[in-house]
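Report on the structure given below.
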Amino acid sequence: MRPKAGDRHRQGQSGPAGGKAAPPRPAKAVSKKRDEDASTEAGGGADEWAAAKSLVKPIDQLELTEAELKEEFTCILKANNPHAPQNIIRYSFKERAYKSVSHVDQMAIHFSLNGNLILKDSDEGRRQGVKVSPAAEKAPVETSAVISEEAEIKDEGSKGDTQAAGQEETEVSGTAEVSEEAEKEEPSPIKPKEQKFANQFNFTERASTTQNNPMREAACQPESAPFKNFSVTVNQWNIYDAYVEELKRIEKAKEKEKPRPQTARQEEERKKGRKLTTLESQQGINKISKAAKITERMVNQNIFDDIAEDFKYFEDESDEFRGQQGTLLPLWKFQCDKTKKLAVTAISWNPKYKDLIAVGYGSYDFVKQGHGMLLLYSLKNPSFPEYVFSSESGIMCVDFHNDYPYLLAVGFYDGNVAIYNLKKATSQPSYKSSANSGKHMEPVWQVKWQNNGVYNNLNFFSVSSDGRIVSWTLMKNELVHTDVIKLSVEGTTVQWQEGLQLQMLGCGTSFDFHKKIDYLFLVGTEEGKIYKCSKYYSSQFLDVFEAHHMAVDSVRWNPYHLKVFISCSSDWTVKIWDHTIKTPMFVYDLSCAVADVAWSPYSSTVFAAVTTDGKAHVFDLSVNKYEALCTQLVVAKKKNKITHIQFNPVYPVIVVGDEQGHVISLKLSPNLRKVPKGKKGQEVKKGPEVEIAKLEKILNLVREPESKAEE
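Here my numbering is used: the first residue of the sequence shown is 215, the next is one more, and so on.
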């Protein structure tokens, strides 16, 4: 039988000369040798192992040159987590809007391990401590024995072969002596010193900054403070009554402290005491007026919270189903007990504080004339006016100064004009005209502030039914007047005694200055005519428009287009004009007397008008040139009539005044203030030039070819 490869391998092994056996090979070497023999028998041979190793490259590996391989790339490590989101948006309840989160957690945890800690004083800790203590006792004995053996081996290696015999004898004798001494005295076991290791997890052994409160009995604990739930509804009248009662209580306390007067001077001292108390009470009210005003606004904000939310955020979604039509959402209604029997005769927004509005009160019934009121309301406090001024005559018109928003020009029914300074704590005007200073002889229908004069003095203009247009200039402590122009009526000369002929003057009802050309202005009259005038010509007009068949109630220049103005009249019509053309461009019949008209501040094609039947009409020429986008009833009572309308300069809000002394604020729906949308990929341009081009495009469709050629 042929021997196996393993048997031949064992037979070929023989010990070396000298008769000593070779040391046994490790198991790994034997197995490796067996594998080699098996491979040789299989026919592989040694050539396969000697062959060079070849690198296996993937198919998609890039082939780089030496320069590309040696190229260095700098990598900057940052603390920011690249996987952390950067566009998180959350709802802010404070600002009531969605806002992006700026601070994002950048920490990334790559490894975490939960450890198991055992208290030393627990049962498990004691059991492990008992297991560890015997091993610690044995450790010093074993280590000493190992150290002695290593020392003996080193000593034997250092001595020569010749001293081996003598050394053995000395060792035998030494061991005999040691054994004899060991028999006489029993050696005591060596115990290592117990070292107390501080447990780093036992915090009771360390000083702690947290004080542990001692246990107390229930009898030592103090009783809880008494409390009571209290809730009440507070309004501005309750706050006012509380302050009045507090002032009365202080007055009574001071009266009790005073000594009783003598019988002879009792009445005089009482009168003096009353005067002092009234002055002190006035000073006390002035001190708390600011705090009371802030508190009152906070109370009103809670009362009218739903209206404030509509004013800021509400957008009528139903406009999508109305096509081009829109609506007006009623907001606040401003009213005061002192103005119940007076009509709203003038409205003007403050140019700086966009929520402050001045309202003039008087009467259009010329038979029933009385006192007038000037109130300033704020959208922050719709329940009570911020300022209250009373006048002997009814107020017909008001106007804020554009650069000095605390100055307010006022025109009265008796022909006087005045200027109120809101900075001064007085109810009387700072400047007022008189019969000696050239006051009007008829009611003043409109006042307008103008640019400062030659000597940088403030001045304003007024128009009245007496046919005079007067310029008023503030000179130190008085108003100086200058007659700019007198309105005359053609063909109205009257024969007087002794052959004298008197020229009848026209009655001015409204006027407006051009937005860009400082000297140009328009004047509307009771005869229905509109005069185009200049400050530099007092004897003649630049042009005359046969505008309406009845009195012109209002005339306004367009805030964007330099040639366009609008007028309304009691003949039921609203007309849009180009001042270079004698005929109107657009005519709208509203089926009722039109009381007032106003251009919007945000679009050159949007305007609003109010009629005496209690309706408000909003037009947008760019959407519909033929009819109003919104016609809504604002005042429902038959005896009540709307008198004025004004756009807010910033917010999409209009205010309407009526004959009952009410001022109603209304919010425009989205269809009434549409912004033109551009094509895809194009930005929508904004600004005055765009508004001018938009209105000019509409006017070109209406102009006649001859007028276009003249331009």
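Even for Gly, the Cβ is constructed at its ideal location relative to N, Cα and C.
Neighbour-count burial assignment, residue i, 16 or more Cβ in a 10 Å radius
i, result
"Q342", "exposed"
"G720", "buried"
"Q754", "exposed"
"I561", "buried"
"E606", "exposed"
"I699", "buried"
"K911", "exposed"
"K900", "exposed"
"A456", "exposed"
"D613", "buried"
"Q176", "Given that the chain is displayed from residue 215 to residue 925, the structure contains no residue 176 and the question cannot be resolved."
"N914", "exposed"
"N762", "The amino acid at residue 762 is misidentified as Asn; the sequence shows His. H762 should be labelled buried."
"L333", "exposed"
"I273", "exposed"
"P798", "buried"
"T559", "buried"
"C289", "exposed"
"K743", "buried"
"Y575", "buried"
"A311", "exposed"
"Q860", "buried"
"W686", "buried"
"G875", "buried"
"E741", "buried"
"A770", "Per the sequence shown, residue 770 should be read as Arg rather than Ala. It is buried - the Cβ of R770 has at least 16 other Cβ atoms within 10 Å."
"L672", "buried"
"A505", "exposed"
Cβ-Cβ separation, residue j to residue i (assumed contact under 8 Å), whole Å
i, j, result
"L909", "Y774", "7 Å"
"C782", "D810", "7 Å"
"L593", "W563", "Not a contact, Cβ separation roughly 11 Å."
"Y645", "L693", "5 Å"
"V808", "V788", "6 Å"
"D767", "V778", "Between V778 and D767 the Cβ distance is about 19 Å, and since that is not below 8 Å, they are no contact."
"L880", "V864", "Contact doesn't hold; Cβ gap of about 15 Å is too wide."
"A812", "F800", "No, A812 and F800 are not in contact; Cβ-Cβ is about 16 Å, not under 8 Å."
"P643", "A632", "4 Å"
"A298", "V318", "5 Å"
"I571", "G586", "I571 to G586, Cβ: 17 Å. No contact."
"E903", "S818", "Actually they are not in contact, since the Cβ atoms of E903 and S818 sit about 11 Å apart, beyond 8 Å."
"L886", "V832", "5 Å"
For residue i, the first and last residue of its enclosing beta strand (DSSP E)
i, result
"Y733", "From DSSP, Y733 is part of no beta strand (DSSP E); its letter is neither H nor E."
"R304", "303-306"
"I878", "877-882"
"F525", "Note, F525: premise wrong, no beta strand (DSSP E); alpha helix (DSSP H) at 519-527."
"A807", "Looking at the DSSP string, A807 is not in any beta strand (DSSP E), and its letter there is neither H nor E."
"L545", "542-548"
"W791", "787-792"
"A311", "311-314"
"A850", "Here A850 belongs to no beta strand (DSSP E), and DSSP marks it neither H nor E."
"E692", "692-700"
"I780", "778-783"
"K334", "No beta strand (DSSP E) contains K334, which DSSP labels as neither H nor E."
"T687", "682-689"
Span of the alpha helix (DSSP H), counted from its first residue to its last, around residue i
i, result
"A560", "Unbroken run through A560 is the beta strand (DSSP E), 557-563; no alpha helix (DSSP H)."
"L847", "Counting along the chain, L847 falls outside any alpha helix (DSSP H), though it belongs to the beta strand (DSSP E) covering 844-847."
"W451", "450-471"
"V926", "Residue 926 lies beyond the stretch modelled for the chain, which goes from 215 to 925, so this question has no answer here."
"Y280", "At residue 280 the sequence reads Glu, which differs from the Tyr that was named. 280-284 is the span of the alpha helix (DSSP H), which, as asked, contains E280."
Tell me, please, whether the segment 653-671 touches the segment 626-636 by the rule of three or more beta-carbon pairs shorter than 8 Å.
-> yes
Inside the segment 579-648 only - beta strand (DSSP E) runs reaching at least 3 residues | Correct list: 586-592, 601-605, 609-614, 621-626, 631-635.
What are the complete beta strand (DSSP E) segments, minimum 3 residues, inside the segment 746-775?
-> 757-760, 766-771
contact_flag[the segment 534-542, the segment 855-867] where n(CB pairs < 8 Å) is 3 or more = no
Quick check: the segment 828-848 against the segment 518-529, are there 3 or more CB pairs under 8 Å?
-> no
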